[in-house]
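Residue numbers (the working numbering): 3 to 368.
For each residue, glycine too, the CB sits at the ideal point set by N, CA and C.
Here the structure is a predicted model, which means the values were calculated and not measured.
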């Protein structure tokens with residue numbers, strides 16, 4: 003069901019996505035380490051070929067580790083995705099690589115942050131030590147001055163002792179101000195470092211193309227919202243959105259245009275949910291929305307409004323002035339149930355989404 007067409011929305015281009023189909027786990031064998039490595043390499047390239055993945059280092063690394071059987075957590079995740087019928091494309095493999103294999107970026111940022119923090123702590127310690135030395139010296143000065151005043155018998159001697167004390171007091175005051183300045187600077191540096199780390203953590207959870215959460219960010223938020231729903235006894239719903247015939251869009255118009263479609267869908271989806279709802283890119287052409295304090299019936303109303311808006315939108319390629327095919331989405335929803343795990347909620351929403359696909363696409367099921 004669609005509304006009257008809106009004016010064509012111009013889209014340009016950026017970068018591309020992969021395609022693919024399912025296969026069973028690759029196996030590895032061989033009597034020697036060398037022959038085993040060769041067989042693992044062959045299995046990795048075969049897996050990439052069957053799923054339509056380009057043989058990039060990231061793609062190869064994921065399939066090699068999958069074939070080796072060593073990273074059980076990643077293997078189980080891939081098997082679940084294959085069993086659910088999800089497209090194992092280059093984007094999804096990149097997310098899996100970031101999640102299970104490549105921690106170097108996080109380690110480098112953490113190492114730099116730790117080194118910077120250590121530097122600031124050392125600076126604070128040095129400042130405190132300097133201040134302690136200055137206080138000790140000033141205390142000794144006061145003691146000497148006190149003894150001097152006890153023995154002074156003339157006005158001139160008193161004036162000299164007082165003048166010396168005033169000079170030492172001014173020096174101590176200046177040192178104290180310097181120490182405060184250094185501590186203030188260190189505090190600002192540490193606050194800046196904290197903000198930089200928070201920004202880095204946020205980047206790790208964002209999909210750079212659509213600027214919504216990536217799969218890792220989605221899973222983290224969903225777990226947190228499940229806990230909140232249980233603690234507050236409030237409803238929680240999950241929406242899975244899959245762009246219909248997205249592979250055809252990529253094949254017909256190219257991956258650059260496909261990327262622009264993804265960006266547009268992500269932006270439109272965000273505009274049709276509440277600001278505190280969680281929008282994420284779940285896989286290649288799939289999005290997920292965590293709807294807080296929302297029963298599935300209310301979530302379905304929002305989903306239907308989004309579906310109609312998407313189907314009614316006409317997209318236009320600016321460089322060729324051509325109109326794209328109609329963009330539609332199949333949507334599935336489910337509501338959190340007591341004792342649900344994250345996979346239970348996702349799998350039910352997935353099933354509903356596939357029910358929409360089976361029912362003719364461009365519809366909402368719950």
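Report task. May I ask which residues mark the beginning and end of the alpha helix (DSSP H) holding residue 258? Result -> 257-273
Requested in this report: Under 8 Å Cβ to Cβ from residue 103, same chain only, skipping five residues before and after it: list those, please.
Outcome: 63, 64, 67, 73, 76
Query raised in the report: Mapping DSSP to helix, strand and coil, what is residue 219?
Result: helix
Query - Inter-residue Cα distance where the pair is residue 345 and residue 87 - result: 15 Å
Query - Rounded C-alpha distance that separates residue 101 from residue 137 - result: 52 Å
Query raised in the report: Are the CB atoms of residue 246 and residue 332 nearer to each other than 8 Å?
Result: yes
Query raised in the report: Do you know offhand how far residue 282's Cα is from residue 291's?
Result: 6 Å
Report task. Rank 240, 232, 212, 235 by C-alpha distance to the C-alpha of residue 221 and give the top, closest one. Result -> 240
**Report entry** Which of helix, strand or coil DSSP assigns to residue 324
**Finding:** Judged by DSSP in its simplified three-state form, residue 324 adopts strand.
Report task. Could you spell out where the alpha helix (DSSP H) holding residue 357 opens and where it closes? Result -> If you look at residue 357, you'll find it in the alpha helix (DSSP H) that goes 344-360.
**Report entry** Simplified DSSP state of residue 283, which is helix, strand or coil
**Finding:** strand
Report task. Output yes if chain B places a C-beta closer than 8 Å to the C-beta of residue 51; else output no. Result -> No chain B appears in this structure, which consists of one protein chain only.
Query raised in the report: Which partner residues does residue 288 have in the DSSP bridge list?
Result: The bridge partners DSSP lists for residue 288 are 244.
Query raised in the report: By a C-beta neighbour count over all protein chains shown, 10 Å radius and 16 as the cutoff for buried, is residue 171 buried or exposed?
Result: exposed
Query raised in the report: In terms of residues, what are the limits of the alpha helix (DSSP H) holding residue 300?
Result: 298-314
Requested in this report: Indicate whether the contact test is met: 3 or more Cβ pairs, each with one atom in the segment 253-273 and one in the segment 206-217, closer than 8 Å.
Outcome: Counting Cβ pairs under 8 Å, three or more are found: they touch.
Query raised in the report: With 16 other CB atoms within 10 Å as the buried threshold, where does residue 231 fall?
Result: buried
Query raised in the report: Residues in its own chain within less than 7 Å of residue 354 by CB, not counting five upstream and five downstream?
Result: Only residues of its own chain outside the window of five on either side were considered, and among them 334, 335, 336, 367, 368 have a CB closer than 7 Å to the CB of residue 354, listed in chain order.
Requested in this report: With DSSP as the reference, label residue 211 as helix, strand or coil.
Outcome: Looking at residue 211 - three-state DSSP - the assignment turns out to be coil, as it is neither helix nor strand.
Query raised in the report: Would a C-beta distance cut-off of 8 Å place residue 97 and residue 252 closer than the cut-off?
Result: For residue 97 and residue 252, no; Cβs fall outside 8 Å.
Requested in this report: Tell me where the beta strand (DSSP E) around residue 84 begins and ends.
Outcome: Premise fails: residue 84 lies in the alpha helix (DSSP H), 74-85, not in any beta strand (DSSP E).
Query raised in the report: If residue 309 and residue 364 are in contact, beta carbons under 8 Å, what's the gap, nearest whole angstrom?
Result: 7 Å
Report task. Go to residue 96, then tell me how far its alpha helix (DSSP H) extends in each direction, as first and last residue. Result -> 92-98
Requested in this report: Might you give, ordered along the chain, the residues of its own chain that have their beta carbon closer than 7 Å to the beta carbon of residue 79, omitting 5 neighbours on each side?
Outcome: 98
Requested in this report: Out of 190, 189, 300, 294, state which residue places its alpha-carbon closest to the alpha-carbon of residue 226.
Outcome: 294
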